[in-house]
Amino acid sequence: MAGLFGILQSGKRSLIAQQFAQTVVGNNIANVNTKGYSRQSARLIPAPSVNTAYGRIGMGVNIDGVKRSRNAFLDKIYRDANSELTQWQAQQFFLEQVDALFADVDESGIGSQMDRFFNAWYDLSNDPESSQARIAVKESGKSMSRTFNRVARGLTDQRKNINGQVQALVDRVNDLTSKIAELNAKIPRSDSNLTQENELKDQQDLLIDELTDILDVEVVYTENSGVNLYVDSLNIVSGATSLTLETEYDASGDIPLLNISGVAGVAVDITGGELGGILELRDEIITGYQDKLNTLAQNIVEQVNIYHKAGYTLNGDTGMEFFDHTKITAETMALSSDVLDDVSNIAAASEDAQGDNSQALLIAGLKDAPLIDGTSFRDYYNSIIQAIGEDTRMSTVSSQNFEIIKTQAELQKEGVSGVSLDEEMIDMIRYQRAYGAAARLISTVDSMIETLLSLR
18 MAGLFGILQS
28 GKRSLIAQQF
38 AQTVVGNNIA
48 NVNTKGYSRQ
58 SARLIPAPSV
68 NTAYGRIGMG
78 VNIDGVKRSR
88 NAFLDKIYRD
98 ANSELTQWQA
108 QQFFLEQVDA
118 LFADVDESGI
128 GSQMDRFFNA
138 WYDLSNDPES
148 SQARIAVKES
158 GKSMSRTFNR
168 VARGLTDQRK
178 NINGQVQALV
188 DRVNDLTSKI
198 AELNAKIPRS
208 DSNLTQENEL
218 KDQQDLLIDE
228 LTDILDVEVV
238 YTENSGVNLY
248 VDSLNIVSGA
258 TSLTLETEYD
268 ASGDIPLLNI
278 SGVAGVAVDI
288 TGGELGGILE
298 LRDEIITGYQ
308 DKLNTLAQNI
318 VEQVNIYHKA
328 GYTLNGDTGM
338 EFFDHTKITA
348 ETMALSSDVL
358 DDVSNIAAAS
368 EDAQGDNSQA
378 LLIAGLKDAP
388 LIDGTSFRDY
398 YNSIIQAIGE
408 DTRMSTVSSQ
418 NFEIIKTQAE
428 LQKEGVSGVS
438 LDEEMIDMIR
448 YQRAYGAAAR
458 LISTVDSMIE
468 TLLSLR
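First residue of the sequence shown: 18, per my numbering; consecutive thereafter.
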């Protein structure tokens with residue numbers, strides 16, 4: 018009798034186990050389109066065996082909880098690819114705007130304006146006393162200066178736009194790390210409910226995935242099922258505690274730098290992700306364009322002024338500047354008040370002699386002179402354009418490449434943690450048949466018990 022009743026218990030355990038497993042399958046199917054959901058499976062283990070006269074024999078099956086399908090290695094590959102992708106996409110977005118800023122549409126770009134300016138000096142050398150030629154020199158100088166101003170202001174505006182984006186992303190990072198730390202505190206308390214723990218881990222992994230959109234982060238899993246997060250070797254999430262990033266402006270009051278709130282002298286070097294991408298763009302790439310544009314503007318102003326101050330105006334005056342020497346950046350480049358007020362103050366002659374055009378020829382010759390690192394003004398400007406074009410092309414190609422890499426990584430990750438309806442249907446049938454077999458076992462044992470009882 019004890020043996021038959023033991024079989025009944027074994028059948029009962031099997032019914033409960035198969036029903037539980039079927040419930041897990043149903044939950045998977047229900048969450049097939051739930052973002053961040055990881056496929057779950059019932060963890061079934063053999064029940065402890067017992068001694069009999071003929072040796073030890075198993076007593077069926079026990080439920081050991083719910084297993085969450087996740088692969089930390091594939092998660093890392095996906096997150097690394099995601100961080101690279103968002104970095105390049107962010108740079109591509111802003112670089113395309115910078116590229117458009119330098120575009121020479123209808124000969125309105127800096128290159129065409131420089132050509133027009135120096136050509137106007139050449140025309141003036143052919144008729145140094147012509148009012149029309151002098152007006153053309155002044156107007157081409159004004160137009161060139163304003164074009165420098167416009168492009169330089171555009172670069173400054175791009176950096177300001179990035180600064181606004183930096184603050185928004187920092188706020189989002191703080192929100193995400195705070196939530197991840199809160200989940201770290203909840204997960205150990207959910208050990209008695211493995212299904213809830215799996216749900217909390219799904220929420221946490223989804224938050225970490227979003228965090229890698231913004232910056233490159235190292236994820237270290239802890240023994241108590243939580244995570245520690247590191248940025249630039251700095252532990253920004255440790256257990257239930259998260260550090261707060263804050264922006265602190267530099268001495269100029271223009272550039273927000275990233276620090277840890279409440280910790281003096283700790284700056285954070287952000288790499289990867291959208292935040293890392295735009296910080297590199299702001300602090301290195303666009304700054305490099307600005308420096309080169311300023312170098313070009315300063316050299317034009319200084320070289321033209323050197324020859325112009327040495328020349329003579331129509332009134333016989335000398336020592337006058339063509340450009341305002343107090344404004345030697347691309348953003349503030351402007352003609353001197355003397356030239357703006359009276360075109361007769363343009364110095365085209367090298368001596369106080371009627372019809373002399375020597376200085377006009379010298380200034381016109383600056384166009385092709387190797388004055389900046391052994392190159393002409395136009396060649397130096399072309400090198401800026403080439404750098405912008407190459408940076409834009411690189412960001413575009415890299416975005417496309419990492420889009421493919423991310424897609425492949427996501428497919429691999431989903432192959433492990435994603436829900437496949439085909440697989441769930443197979444499991445459903447498998448558990449259904451096991452449930453039916455367990456029911457038949459119980460029915461058979463029940464008949465056997467009735468037979469034994471009828472013998473009395």
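Every residue gets a Cβ at the ideal spot worked out from N, C-alpha and C, and that includes glycine.
Values in this document were obtained by computation on a predicted structure and should not be read as measured data.
Beta-bridge partners of SER416 (DSSP): none assigned. Residue nearest to ALA89 within the set ASP222, LYS29, GLY28, GLN425 is ASP222 (criterion: CA-CA distance).
Residue pairing for THR264: DSSP places it in a beta bridge opposite LEU275. The alpha-carbon separation between ASP396 and ILE380 amounts to approximately 17 Å. Contact between the stretch 161–172 and the stretch 395–411 is absent, with fewer than three C-beta pairs closer than 8 Å. The bridge partners DSSP lists for ASN252 are TYR247.
With contacts defined as CB atoms closer than 8 Å, ASN201 and GLY256 qualify as a contacting pair.
No residue range can be given for THR346, since it is assigned to no beta strand (DSSP E) and is classified by DSSP as neither H nor E.
Rounded to whole angstroms, LYS196 and ASN79 show a C-alpha spacing of 35 Å. Taking 8 Å as the cut-off, the Cβ atoms of SER375 and ALA366 count as close. DSSP, reduced to helix, strand and coil, places ASP233 outside both helices and strands of the structure shown, so it counts as coil. LYS155 sits buried, since 16 or more C-beta atoms from the chains shown fall within 10 Å of its C-beta.
By the neighbour-count criterion, in which 16 or more other beta carbons inside 10 Å mark a residue as buried, THR343 falls on the exposed side. Inter-residue distance for ALA59 and VAL414 is about 44 Å (C-alpha atoms, whole angstroms).
Exclusion of the five residues before and after GLU199 leaves ALA257 as the residues of its chain whose Cβ lies within less than 8 Å of its Cβ. Residue environment analysis places ILE225 among the buried positions, since at least 16 neighbouring C-beta atoms fall within 10 angstroms of its C-beta. Where LYS159 is concerned, the enclosing alpha helix (DSSP H) starts and stops at 148–203. When DSSP reads this structure, LEU352 sits in a beta bridge with PHE340. When secondary structure is reduced to three states using DSSP, VAL41 falls in the helix class. Around the CB of ILE295, 16 or more other CB atoms lie within 10 Å, so the residue is classed as buried. Take the alpha-carbon of TYR71 and the one of ARG30: they are about 23 Å apart. Of the other Cβ atoms in all chains shown, 16 or more fall within 10 Å of the Cβ of LEU232; this residue is therefore buried. In the DSSP assignment, GLN57 falls within the beta strand (DSSP E) that extends over 57–63. Taking every protein chain shown into account, the CB of ILE62 has fewer than 16 other CB atoms within 10 angstroms, so this residue is exposed.
Out of ALA64, ASN99, ILE46, VAL41, the CA that lies nearest to the CA of ASN418 is found in ASN99. With 16 or more other CB atoms across the displayed protein chains lying within 10 angstroms of its CB, LYS218 is buried.
Take GLY290, set aside five residues on each side of it, and the residues of its chain with a beta-carbon closer than 7 Å to its own are SER100, THR103, GLN104, THR229, ASP230, ILE231, LEU232, ASP233, in chain order.
For GLY391, the three-state secondary structure derived from DSSP is coil.
Residue burial annotation: ALA185 is exposed, with fewer than 16 other C-beta atoms found within 10 angstroms of its C-beta. Under the DSSP assignment, ILE74 falls in the beta strand (DSSP E) whose first and last residues are 72–74. About 6 Å separates the CB atoms of TYR452 and LEU32; that is less than 8 Å, so the two are in contact.
Annotation note: the stretch 72–118 contains the following uninterrupted alpha helix (DSSP H) runs of length 4 or greater, listed N- to C-terminal: 89–118.
Residue pairing by DSSP places VAL360 in no beta bridge whatsoever.
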